[in-house]
Amino acid sequence: MFNRKFIAGQLRFWQFTLPAALFILSVYMILRLEYPLAGFTEWLLWISRLDPLLLFAYSGASHAIPHWVWLPVAVLLITALAGRIYCGWICPVGGLLGLLPNLTRYFPRRGVRAGLAGRGILNFLAKLKYWWLLLVVALLFAGNSILLIFTPSALLSHEIMRLYFQQIPWLLFAALGLGLVFFPRFWCVYVCPSGILMAAVACIRPAKLRIAAGCVDCGLCHNVCPVKTGKEKQGAAGGECLVCAACWSVCPVSAVTWKQISPRTEGAGQSRRDFITVGIGIIGAGFLSFFASGLFGRSRAAAQVLRPPGALPENDFLATCTRCGRCTKVCPSAALVPMPFASGLITFETPRFVPRKGRCELCMLCPKVCPSGALKDVAVADVKIGTAAIDKKTCLAWAQGKLCLVCAEQCPVHAVVMDEAKRPAIDAGKCVGCGACENSCPLEDPAVVVAPKSTL
Numbered sequence: 001m002f003n004r005k006f007i008a009g010q011l012r013f014w015q016f017t018l019p020a021a022l023f024i025l026s027v028y029m030i031l032r033l034e035y036p037l038a039g040f041t042e043w044l045l046w047i048s049r050l051d052p053l054l055l056f057a058y059s060g061a062s063h064a065i066p067h068w069v070w071l072p073v074a075v076l077l078i079t080a081l082a083g084r085i086y087c088g089w090i091c092p093v094g095g096l097l098g099l100l101p102n103l104t105r106y107f108p109r110r111g112v113r114a115g116l117a118g119r120g121i122l123n124f125l126a127k128l129k130y131w132w133l134l135l136v137v138a139l140l141f142a143g144n145s146i147l148l149i150f151t152p153s154a155l156l157s158h159e160i161m162r163l164y165f166q167q168i169p170w171l172l173f174a175a176l177g178l179g180l181v182f183f184p185r186f187w188c189v190y191v192c193p194s195g196i197l198m199a200a201v202a203c204i205r206p207a208k209l210r211i212a213a214g215c216v217d218c219g220l221c222h223n224v225c226p227v228k229t230g231k232e233k234q235g236a237a238g239g240e241c242l243v244c245a246a247c248w249s250v251c252p253v254s255a256v257t258w259k260q261i262s263p264r265t266e267g268a269g270q271s272r273r274d275f276i277t278v279g280i281g282i283i284g285a286g287f288l289s290f291f292a293s294g295l296f297g298r299s300r301a302a303a304q305v306l307r308p309p310g311a312l313p314e315n316d317f318l319a320t321c322t323r324c325g326r327c328t329k330v331c332p333s334a335a336l337v338p339m340p341f342a343s344g345l346i347t348f349e350t351p352r353f354v355p356r357k358g359r360c361e362l363c364m365l366c367p368k369v370c371p372s373g374a375l376k377d378v379a380v381a382d383v384k385i386g387t388a389a390i391d392k393k394t395c396l397a398w399a400q401g402k403l404c405l406v407c408a409e410q411c412p413v414h415a416v417v418m419d420e421a422k423r424p425a426i427d428a429g430k431c432v433g434c435g436a437c438e439n440s441c442p443l444e445d446p447a448v449v450v451a452p453k454s455t456l
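Residue numbers (this note's numbering): 1 to 456.
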């Protein structure tokens, strides 16, 4: 039917084209997050929710199983059976990094890459990466998801948002820089928590790419491997293998084969021990983080800020939000801003509602674009961002007896009521905390301010 050369060409074409197309499509959909929402927004959520760590974050915070649970579970099952198909063929960040092999030939420091690897730095990182994964999981169980910013969907959204708002995409530059200095998918092997998890799961797959006895030690398989898992001697590919078949395509003697690996085969036992070790470590991290969660309590309690409509209680919100920035992009009044580092590491880059920048239009677009479930799509009648309060010492009507009806005129839910002297008061039962009153107050320091709801 088809000869080896034709199949190899098709594999190279589609292994490059599919993730590159998903990268371009994801960027386009992220940039199109605006009012009114396009019909493809749901597709962007589907792509994002393929990440198993997103499921861990949601389930750990809400103690519930989301309706999209089948997506990450399917990814894990496919990974356990066939390897890192998601990382090699679907991941949009992988699609971007897949462009690097065309650039490394022009990168002048090829000797640096070889020298660093020769000194064993990569071997050290290979042992360190699983501790990095355990740290991510431990923080998730402890109630903080800040390290999920290193996962593919959150990283891509976050960095596109930074570019959109004319800021430096430092994480994206780091991923590209490491790929140029070491090898294209360095980020996928040693930094991306989702990639490390996939590699651990892929260790137990029943069949692997293996270099057979006919190998002539030409080293071509190792040179073309995007994650440098290709062997320069006989043996099976490790869990990092992206199942891209690049090694199979370039082997001049057809020594690379897809072969069933028995428990006694070289490296198979070690792979399974690595998988078991990671599994026990994740369970242990869960128990230990129960005690560590108290360390974040004070920081969470101090995070008295306004969150977007539909936000989970503060503790659950911080445990679920991936800092992807999509809610800030879709907000029609530009009232959502990422919190600065000065606010603390716990809340860094989470969205904050600032009424003085713009009122909440109650369009409820932000929950519709949130991939992690940190923002729930609730009815407008059930929205409770906070409650407005009037400072009678500075309010023009109360302090100076002037007629000022601005806050009452602007309130969309008629929560501002006037007494006989035309002085405003807030009906807390009606107030949803949209900030229209604070936004429209004519004073430089507004006399009416929305206070956040209490943390739970």
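Even glycine gets a Cβ: it sits at the ideal position worked out from N, Cα and C.
- Minimum Cα-Cα distance from PRO367 among the listed residues ALA397, CYS321, PRO355 corresponds to CYS321.
- Annotated as distal: ARG326 and VAL354, with beta-carbon spacing of 8 angstroms or more.
- A buried status is given to HIS158, since no fewer than 16 other beta-carbon atoms sit within 10 Å of its beta-carbon.
- Cβ-Cβ distances below 7 angstroms link CYS437 to ALA388, CYS407, GLN410, CYS411, VAL416, VAL448 in the same chain, with the five nearest sequence neighbours on each side left out; the list follows chain order.
- Distance from the Cα of HIS414 is smallest, within the candidate group ALA425, ARG185, PRO308, for ALA425.
- Taking the CA atoms as reference points, GLY177 sits about 36 angstroms from LEU306.
- Separation of LEU50 and GLY195 (C-alpha to C-alpha, rounded to the nearest whole angstrom) is 12 angstroms.
- ARG84 sits away from VAL216, with the two beta carbons spaced by 8 angstroms or more.
- When DSSP states are grouped into helix, strand and coil, ILE47 belongs to the helix group.
- Approximately 17 angstroms separates the beta-carbon atoms of LYS422 and LEU443; this is outside 8 angstroms, ruling out the contact.
- By the Cβ test, the stretch 82-98 is in contact with the stretch 13-31, since at least three Cβ pairs between them sit closer than 8 angstroms.
- Assignment of MET418 by DSSP, reduced to helix, strand and coil, places it in the strand class.
- Minimum Cα-Cα distance from PRO452 among the listed residues PRO309, ASP377, GLN15, LEU396 corresponds to PRO309.
- DSSP places VAL450 within a strand segment (E or B) once states are collapsed to three.
- Here ALA389 carries a strand assignment [DSSP, helix/strand/coil].
- Counting only runs of 3+ residues, the beta strand (DSSP E) found wholly inside the stretch 342-383 occupies 351-353, in chain order.
- Considering only ALA311, ALA319, GLY401, CYS188, the residue with the shortest C-alpha distance to SER59 is ALA319.
- Non-local beta-carbon contacts of ILE168 in its own chain, meaning distances under 8 angstroms to residues more than five positions away in sequence, involve ARG162 in chain order.
- Closest in C-alpha terms to LEU37, from the list LEU396, LYS392, CYS363, comes CYS363.
- Taken through DSSP and simplified to helix, strand or coil, TRP258 comes out as strand.
- About 16 angstroms separates the CB atoms of VAL337 and GLY386; that is not less than 8 angstroms, and the two are not in contact.
- Counting along the chain, ALA425 sits inside the beta strand (DSSP E) bounded by residues 424-426.
- Taking all protein chains shown into account, ARG4 has fewer than 16 neighbouring C-beta atoms within 10 Å of its C-beta and is therefore exposed.
- Per DSSP, the unbroken beta strand (DSSP E) holding PRO338 starts and ends at 336-338.
- The closest CA to that of ALA311, considering only PHE341, LYS259, SER372, ARG210, is found on SER372.
- At a Cβ-Cβ threshold of 8 angstroms, ARG359 and ASN439 count as neighbours.
- Between the alpha carbons of PHE173 and GLY179 lies a gap of roughly 10 angstroms.
- The criterion of a C-beta distance shorter than 8 angstroms is satisfied by SER249 and ARG12.
- In the three-state reduction of the DSSP assignment, ARG12 falls in the helix class, which pools H, G and I.
- Apart from sequence neighbours up to five positions away, the residues of its chain that approach TRP398 with a beta-carbon distance below 6 angstroms are LYS392, ARG423, ordered along the chain.
- Annotated as distal: VAL189 and THR79, with beta-carbon spacing of 8 angstroms or more.
- Of the residues PRO313, PRO206, LYS329, CYS241, the one whose Cα lies closest to the Cα of GLN260 is PRO206.
- Between LEU53 and LEU197, the C-beta spacing is below 8 angstroms.
- GLY238 is the residue among GLY214, GLY238, TRP68 whose C-alpha sits nearest the C-alpha of CYS225.
- In the DSSP assignment, ILE78 falls outside any beta strand (DSSP E) and lies within the alpha helix (DSSP H) extending over 70-82.
- In the three-state DSSP reduction, LYS402 falls in the coil class, being neither helix nor strand.
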